[in-house]
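Structure record follows, encoded as structure tokens.
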Amino acid sequence: MLVSGKPVVTAQGVGRSYGTRRALDGLTLDIPAGSVFGLLGPNGSGKSTFISILAAMEVPIEGELRVFGEAPAAALRGRIGTVFQENTADPLMTVTETLRLAARLFGVGSERFRERSARLLEAFGLSARANDPTSGLSGGMRRRLEMVRALLHDPELLLLDEPTTGVDPEERRALWGALLDGEHGRRTILIATNDLAEADAVCDSVAFIQAGRVIVTGTPAELKRGLRRETLRVAWIDPSEAQLDQVRTWPGAGEVTVAEGVVHISVDDASSFAPRLFELAPGAIRSLRIDTSSLEDAYFQHVSQRSRPAEGVSA
Amino acid sequence: MNTFSAWSAMFVRDMQAVIRSRSQLYSSIFTPLLFLVFLGNGVSKGLSPSKLSAGDFTAYLVAGTVVMTSVFSATFSSASYYRDRDSGVMRMLLSSPHSPRVILLGKSLAGVCIGIVQALLVLAVAAPFVQFKWQYGIVTGFLTAVIVVLLLNVMLSGLAQALASRIQTMQGFHLIMNLALFPLLFFSGAFYPVHDLPMWLEILARVNPLSYAVDALELSAYANSTTGFWGLGLDFAVLGALAALVYAVGLTRTPRLTWSGK
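Next up, the structure:
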């Protein structure tokens, strides 16, 4: 498998509803072959639904979707590996039995199973636990087992739905190291996550998704390009629209957004900017943090740009 | 993809799961045996029922107990659909390149197999201690019992699968299974002969599929004539047709992953 750049996944206006709830609302994107592609968005934005549709476990009600140039179908699942948001290992089975079941379901022969499982268990640090019941594994080990299970049949497309949820930073690093080491470009990987720092670190391209639609897509560098150098994260009690509008007019200020009670201000020079905030809202600012601008800031910028005209929100 | 390999993998995996779930295995065998030992002996000695051969209610009760074991086994085996759904395993199974029917076939055949073993185990354990007549000979009689138990378990497995795909919780599933199957057990001749009952009870027994399993099992092991029974021909015709129909319906049901509309 080579990186050809030709899309492995092409989605045009894909829609899916559950009753009156719209999970995907005209989702459009291309995922280039051999890339690590991040689908980033908040909980309930449609990421898991899109993954289920790609894995041919659900059917879109509108739009056109092509995986390997074909409409998703059960037969294509043999070329796809999926790590679901929840663990799928049977607590009554051992690690090896779990993998053997997956191998037989995905048509991996005995000889190849022995070779692949030994190699993957080693790579993901689970060799010593091969004969243990899965119920005895830690949360991080279970996520690694999910990875091994999904990679066992050497899929061309790997779908990862929140693969590191509940995994501590050390385990997380080990997991990504094992997954991406020597693999880059060998298979296409789609990661659905709301951990933007993680996506920034591992993805070649990302798409920001909100309410079942893609807001913007590009490489992390491209998406961060329009940002100022630094970001101020301000725990600000009840900022008024007038105050936020005033901040926007200050020299060196970029995007000003509010998310989960925190005001994000993209600025050129945070150290000169911060004192003015305390003057503007004395007593209302509980804390302030200065970070180098990240993909998270790009996300908030794009989300706020999109929601502002529609919702009449300026922050 | 090799379909046989997939369903046999499912079969082996579900067999392993039941064998490892000792409490399930033991309870589905011991509960019917408790019926035989205590209810059988209590009624035989305490009431001395005169219509039964040698007044041996325990021998009479064996056929019904075998049917009851199959009912328990089908209920317990089908609970694995809920276990698989709740533990996330079902999601992985359905992400494989196989039709859900292949997965269900492997799972349900494991359930059928376990049900047959458990039911025949009850028959085998009881046989040395009660006075069976084996009117067709012990080999033919036992083979007849095996076929009856097979058809019964196939039918119950299909029914349990069809219900499990429609009922949201395991508790609800157990409740419905008990509500549906316990009355059927009472009208089946499992605990008393149905032929001398009031007309309305006999009609209920006639439309009850479990009655035909009890009838065939009584004929093969307990009875010393065919008088007062419906006959193996009718029993096999009803059980065979229902087993094929209900199992086919059960296999067409795709297990649900969630109940939130997704």
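Protein sequences, first through last, are from chains A and B.
Each residue of the first sequence is one higher than the one before, starting from 2 at the first, in my numbering.
Each residue of the second sequence is one higher than the one before, starting from 690 at the first, in my numbering.
Even for Gly, the Cβ is constructed at its ideal location relative to N, Cα and C.
None of the values given here were measured: they were computed from a predicted structure.
Residues of the stretch 83–111 of chain A whose Cβ lies closer than 8 Å to any Cβ of chain B, in chain order: T83, F85, E87, N88, T89, A90, D91, P92, L93, M94, E98, R101, L102, A103, R105, L106, F107, G108. Around the beta-carbon of D298(A), 16 or more other beta-carbon atoms lie within 10 Å, marking it buried. P872(B) and N44(A) have their C-alpha atoms some 47 Å from each other. A distance below 7 Å separates the beta carbons of V215(A) and T29(A). Cα atoms of P221(A) and I192(A): separation of roughly 14 Å, rounded to the nearest angstrom. Taken atom to atom, the span from the alpha-carbon of F918(B) to that of I803(B) is near 29 Å.
Counting the other Cβ atoms within 10 Å of the Cβ of G82(A) gives 16 or more, which makes it buried. For Q807(B), the secondary structure class from DSSP, reduced to helix, strand or coil, is helix. Along the stretch 753–816 of chain B, the alpha helix (DSSP H) occurs as fully enclosed runs of 4 or more residues at 778–783, 789–815, listed in sequence order.
Here A799(B) really is in contact with F700(B); their C-beta atoms are around 5 Å apart, less than 8 Å.
Against H863(B), chain A offers no close residue; the least beta-carbon distance is about 20 Å (beta-carbon pairs closer than 9 Å).
Less than 7 Å separates the beta-carbon of A902(B) from that of V756(B). Classified as buried, T95(A) has 16 or more neighbouring CB atoms from the shown chains inside 10 Å of its CB. Cβ-Cβ distances below 7 Å link S697(B) to G795 in the same chain, with the five nearest sequence neighbours on each side left out; the list follows chain order.
Per the DSSP secondary-structure output, H265(A) pairs in a beta bridge with R234(A), T258(A). Separation of A243(A) and R277(A) (C-alpha to C-alpha, rounded to the nearest whole angstrom) is 15 Å. Within chain A, the residues placing a beta-carbon under 7 Å from that of V778(B) are T89, D91, ordered along the chain. Taking all protein chains shown into account, L923(B) has fewer than 16 neighbouring C-beta atoms within 10 Å of its C-beta and is therefore exposed.
Put simply, of L233(A), A76(A), D155(A) the residue whose alpha carbon is nearest the alpha carbon of L289(A) is L233(A). Approximately 6 Å separates the beta-carbon atoms of G126(A) and A175(A); this is inside 8 Å, confirming the contact. What R709(B) touches in chain A, judged by beta-carbon distance under 7 Å, is L93, going in chain order. With a cutoff of 7 Å on beta-carbon distance, I210(A) and L55(A) are scored as not near each other.
Beta-carbon to beta-carbon, N88(A) and G777(B) are separated by about 5 Å, close enough to satisfy the 8 Å threshold. Shortest Cα-Cα distance from F38(A) to any of L161(A), Q247(A), E231(A), S128(A) involves L161(A). With contacts defined by Cβ atoms closer than 7 Å, L25(A) and A103(A) do not form a contacting pair. Among the bridge pairs identified by DSSP, D292(A) is matched with T232(A).
DSSP places S900(B) in the uninterrupted alpha helix (DSSP H) bounded by 898–906.
In this structure, I62(A) lies near R17(A), with their beta-carbon atoms less than 7 Å apart. Between S759(B) and A853(B), the C-beta spacing is not below 7 Å.
Taking S717(B) as the centre and dropping the five residues before and after it, the same chain places the C-beta of F761, S762, F765, Q807 closer than 6 Å to its C-beta, in chain order. Taken through DSSP and simplified to helix, strand or coil, V883(B) comes out as coil.
Counting of Cβ neighbours within 10 angstroms places H884(B) among the exposed residues, the total staying below 16. Listed along chain A, the residues sitting closer than 8 Å to L783(B) by beta-carbon distance are M58. Across the stretch 784–816 of chain B, CB contacts with chain A closer than 7 Å involve S784, S785, P786, H787, S788, in sequence order along the chain. Rounded to whole angstroms, the separation of the alpha carbons of Y881(B) and G140(A) is 54 Å. Residues V9, L77, R80, E157, L158 of the same chain have their beta carbon placed closer than 8 Å to that of F69(A), with the five preceding and five following residues left out of the count.
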